[in-house]
Amino acid sequence: MQNHPVYIDTDPQSEYSTLNLGPTHPATHGVFQNVLQLDGERIVSGVSTIGYIHRAFEKIAEHRPFYQITPLTDRLNYCSSPINNMGWHMTVEKLLNITTPKRVDYMRIIIMELARIADHIICNGVLGVDTGAFTGFLYMMEYREEIYEIYEEICGSRLTTNIGRIGGFERNFNQIAFDKIRKFVKKFPPVLKEFEALFNRNRIFVDRTRGVAAVSAEDALSYSWSGPLLRAAGVDYDVRAMEPYSSYDEFDFEVPVGENGDVYNRFLVRNEEMWQSLRLIEQALDKIEKEPSDIFHADVPAFYLPPKEEVYNNMEALIYHFKIVMGEVETPTAEVYHSVEGANGELGFYLVNDGGRSPYRLHFRRPSFINYQMYAPMSRGMLLSDAIINMSSLNVIAGELDA
Amino acid sequence: MGKIANEELLKRLDENFAGKVTQTGADFGLLTVEIDPSVITEVLTFLKTDAALKFIFLTDLTAIHYPELEKPIGVIYHLHSLTTNTRIRLKVFLSLDNLHIPTASTIWDGANWMERETYDFFGVIFDGHPDLRRILNVDDMTVFPMRKEYPLEDPNRVDKKDYFFGR
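Protein chains in written order, with the UniProt record's numbering: chain H, 1 to 403; chain R, 1 to 167.
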């Protein structure tokens, strides 16, 4: 597969037609444009234009203290913001050599796996919509809502969550949150099972997706694909298993792998990942019970903002609060790369610190950005309708694409 | 296969590219080496194709700007060997009057957009790149905004000077 761009032919005699797919086409699920050259319904070439919601996060991050960068990471993949938040906290914790208590790790795993399920619900649901099956999407969407209610119980917000702080969480999970998580873990499996029953052997769905946009493992690796897309192509690379963070090594889970990287395989891999996420949540809930129930952050007063009551009534807390907010805390001069398994793939944070208040340089390795670049070259020769479902199964999130 | 030790990795690089490769750090166990720009393609190809190393996965490609250095722009590669689960970070420093570096998109297709992004924000020119255009910023932008000389906000503001914040 060559990746040289092919520009749109401006010859007025041309038999080809040009189609602007996007920037705000409903089938693109986000703000990005593809200028396609079509021969009938077949795509001859395409050029992707991105950057419509570029917000210069990397530049902003160079001027903000570490704890104020968390809200920026929310807005990368906004379908699974908690994973981004946790990834960022863990990067800073790695830099500062903070070890988090086990209970925090398990709480993080619960919240990250819920986020993964929420993200996969959207991706697979929308894939169904694009192939003409609205039922699954509507049916599953209710459970994304339940996940958002869990977020709400934990941190107060739903989409851009800003969950957690450097060193742990801002507050403990309350009983209602635990009840909601348990309820979700109980109620979701039959729904997912029914969702699979609706699709996995559905003649129309299988005909539309099988063999469409198949990608070989070599191509996927050459394009630096990661996450469910790479696994669907047959490479078992999962950051959770390869470089376990947040105590993932204590958990029992499998890494589902596909065969030929087509849309159908990606769908199956994502579904199976939801099952694995449920397993992980169940295990984490069991493990949490064995930990002391009042621990929800590491004991790092120099980096973890003290509660407000403390700040008003306790001199030490006031000093720490002031130091953290004004950026007076000492941080090591070092470079750190930390990655987590985001819903779309390896979400990496490359942080260069010079000991100051904010990062000297922060780069996000954004899986959507890297995954999406194969879209135009791989669409060549494809039917337009196949290219649309290919795009939904890439699960490109505009926020993560443009940063 | 287990993780390749940093010493072993450095030894292999030294054997093949004597004098062109210098270790600059190993923060958190991740070997960081500085590569002479003249051999960067060879080093990347060697790391990717060597049977024992197999750094087949280009994790990330970006740049950094240190205005006070003689060679202020650093291009940074993160490679990952999936079979041995080893990572390596390569740095190539370039001076402002010669911001040329050979492209890695001949080795990894995925380097294409990463290099475009690096060009867009730092102005690094990747020789041999098939389509070196801006990617996230508007096409008629004339500056490279991630360089340190470009402020985030209006520099005439007096209430938000960096020295108030210890930087």
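Yeah, the Cβ is synthetic: ideal placement off N, Cα and C, and Gly gets one too.
Just so it is clear, the structure is predicted and the values come from calculations on it, not from any experiment.
**Reduced DSSP category for R:Ala118 - H, G, I as helix; E, B as strand; rest coil** = Here residue 118 of chain R turns out to be Thr, not Ala, going by the sequence shown. Note: R:Thr118 maps to helix in three-state DSSP.
**Request:** Would you list the one or two residues that DSSP bridges to H:Tyr337?
**Result:** Beta-bridge pairing links H:Tyr337 to H:Tyr350.
**Request:** Go ahead and label H:Gln13 buried or exposed: buried means 16 or more other beta carbons lie within 10 angstroms of its beta carbon, across all protein chains shown.
**Result:** The residue in question, H:Gln13, is exposed, as its Cβ has fewer than 16 Cβ neighbours within 10 Å.
**Prompt:** With burial defined as no fewer than 16 other Cβ atoms inside 10 Å of the residue's Cβ, what is the status of H:Asn313: buried or exposed?
**Reply:** If you draw a 10 Å sphere on the C-beta of H:Asn313, you find fewer than 16 other C-beta atoms in it, and that means exposed.
**Prompt:** Is any beta-carbon of chain H found at less than 8 angstroms from that of R:Gly29?
**Reply:** No, no contact with chain H.
**Prompt:** Three-state secondary structure (DSSP) at H:Asp39?
**Reply:** Under the three-state reduction of DSSP, H:Asp39 is assigned to strand.
**Prompt:** For R:Ser95, does the count of other Cβ atoms within 10 angstroms reach 16, so buried, or fall short, so exposed?
**Reply:** Residue environment for R:Ser95: exposed (fewer than 16 other C-beta atoms within 10 angstroms of its C-beta).
**Request:** For R:Gly128, decide whether its Cβ has a neighbour in chain H, counting only Cβ atoms nearer than 8 angstroms.
**Result:** No - not a single Cβ of chain H is within 8 angstroms of the one on R:Gly128.
**Prompt:** Can you name, in chain order, every residue of its own chain whose Cβ lies under 8 angstroms from the Cβ of H:Thr160, other than the five neighbours on each side?
**Reply:** Only Pro71, Asp74, Arg75, Tyr78 and Ser81 meet the Cβ criterion.
**Asked** Just reading off the alpha helix (DSSP H) that H:Arg116 is part of, what are its end residues?
**Response** Following the DSSP letters along the chain, one finds H:Arg116 inside the alpha helix (DSSP H) bounded by residues Lys102 to Asp130.
**Item:** Euclidean distance between Cα positions of R:His129 and R:Pro102
**Value:** Cα-Cα distance, rounded: 8 angstroms.
**Contacting positions in the region 298 to 321 of chain H - beta carbon closer than 8 angstroms to chain R** = The residues in question: there are none.
**Request:** Taking R:Gly25 as the query, report the chain H residues whose CB atoms sit under 9 angstroms from its CB, ordered along the chain.
**Result:** When 9 angstroms is used as the limit between beta carbons, R:Gly25 is near these residues of chain H: Ala334 and Glu335, in chain order.
**Message:** Does H:Tyr360 come out as helix, strand or coil in the three-state DSSP assignment?
**Reply:** Coil.
**Prompt:** Under the three-state reduction of DSSP, which class applies to R:Thr49: helix, strand or coil?
**Reply:** Residue state, collapsed to three classes: helix.
**Prompt:** Hey, out of H:Met326, H:Glu341, H:Met374 and H:Asp386, whose CA is closest to H:Phe66's CA?
**Reply:** Check the Cα spacing between H:Phe66 and each of H:Met326, H:Glu341, H:Met374 and H:Asp386: the tightest is with H:Met326.
**Message:** Give me the chain R residues within the contact set of residue 405 of chain H, using Cβ-Cβ distance strictly less than 8 angstroms, ordered along the chain.
**Reply:** Not covered by the structure: residue 405 of chain H. The range shown for chain H is 1 to 403.
**Request:** Report the residues of the region 52 to 84 of chain R with a CB closer than 7 angstroms to any CB of chain H, ordered along the chain.
**Result:** So the list reads Ile56, Phe57, Leu58, Thr59, Asp60, Thr62, Ile64, His78 and Leu82, given in the order they occur along the chain.
**Prompt:** Between R:Ile64, R:Ala63 and R:Lys20, which lies nearest to R:Val43 when the distance is taken from Cα to Cα?
**Reply:** Comparing Cα-Cα distances from R:Val43 to each of R:Ile64, R:Ala63 and R:Lys20, the minimum goes to R:Lys20.
**Host alpha helix (DSSP H) of H:Tyr372 (start-end)** = H:Tyr372 -> alpha helix (DSSP H) spans Pro367 to Tyr372.
**Message:** For R:Lys91, list the residues DSSP reports as bridge partners.
**Reply:** As a beta-bridge residue in DSSP terms, R:Lys91 pairs with R:Glu34 and R:Ile76.
**Item:** Contact set for H:Val6: own chain, Cβ-Cβ below 7 angstroms, skip 5 residues either direction
**Value:** Only weak support is given to the placement of H:Val6: the predicted model assigns it a pLDDT of 49, under 50, and the value that follows is read from those uncertain coordinates. The residues are Ser45.
**Item:** First through last residue of the beta strand (DSSP E) which encompasses R:Ile125
**Value:** Residues Ile125 to Asp127.
**H:Phe137: contacting residues in chain R (beta-carbon distance under 7 angstroms)** = Within 7 angstroms Cβ-Cβ: nothing; H:Phe137 doesn't reach chain R, min ~30 angstroms.
**Own chain partners of H:Val352 with C-beta closer than 7 angstroms, once the 5 adjacent residues on each side are dropped** = Within the same chain, H:Val352 has close Cβ partners Glu335, Pro359, Tyr360 and Arg361.
**Request:** Quick one: grab the DSSP three-state call for R:Ile101.
**Result:** Of the three classes helix, strand and coil, the one that applies to R:Ile101 here is strand, per DSSP.
**Request:** Take residue 425 of chain H and list the residues in its own chain whose beta-carbon comes closer than 7 angstroms to its own, dropping the five residues that flank it on each side.
**Result:** For chain H, the structure presents residues 1 to 403; residue 425 of chain H sits outside this window and is missing.
**Item:** Proximal residues to R:Glu68 (C-beta, below 8 angstroms), its chain only, five neighbours per side dropped
**Value:** Excluding residues within five positions, none has a Cβ falling inside 8 angstroms.
**Message:** Looking at R:Ile88: is its Cβ nearer than 8 angstroms to the Cβ of R:Leu152?
**Reply:** Result no, Cβ atoms of R:Ile88 and R:Leu152 do not sit closer than 8 angstroms.
**Request:** Buried or exposed for H:Ile176, please, with buried defined as at least 16 other CB atoms from any protein chain shown within 10 angstroms of its CB.
**Result:** It is exposed - the Cβ of H:Ile176 has fewer than 16 other Cβ atoms within 10 Å.
**Extent of the continuous beta strand (DSSP E) to which H:Leu19 belongs** = Residues Ser17 to Leu21.
**Request:** Use the C-beta contact count for H:Asn34: other C-beta atoms within 10 angstroms, 16 or more gives buried, fewer gives exposed.
**Result:** With 16 or more other Cβ atoms within 10 Å, it is buried.
**Prompt:** Closest Cβ-Cβ distance between H:Arg365 and chain R: below 8 angstroms?
**Reply:** Answer yes: the Cβ-Cβ gap between H:Arg365 and chain R drops below 8 angstroms somewhere.
**Asked** Should R:Pro37 be flagged as near chain H, meaning a C-beta pair shorter than 8 angstroms?
**Response** False, the Cβ-Cβ gap to chain H never drops below 8 angstroms.
**Request:** Determine, using beta carbons only, whether H:Arg366 and H:Leu347 come nearer to each other than 8 angstroms.
**Result:** Their beta carbons are under 8 angstroms apart, which means H:Arg366 touches H:Leu347 by this criterion.
**Asked** Is it right to say H:Asp249 is buried, meaning 16 or more other beta carbons lie within 10 angstroms of its own, or is it exposed?
**Response** When all chains shown are included, H:Asp249 counts as exposed.
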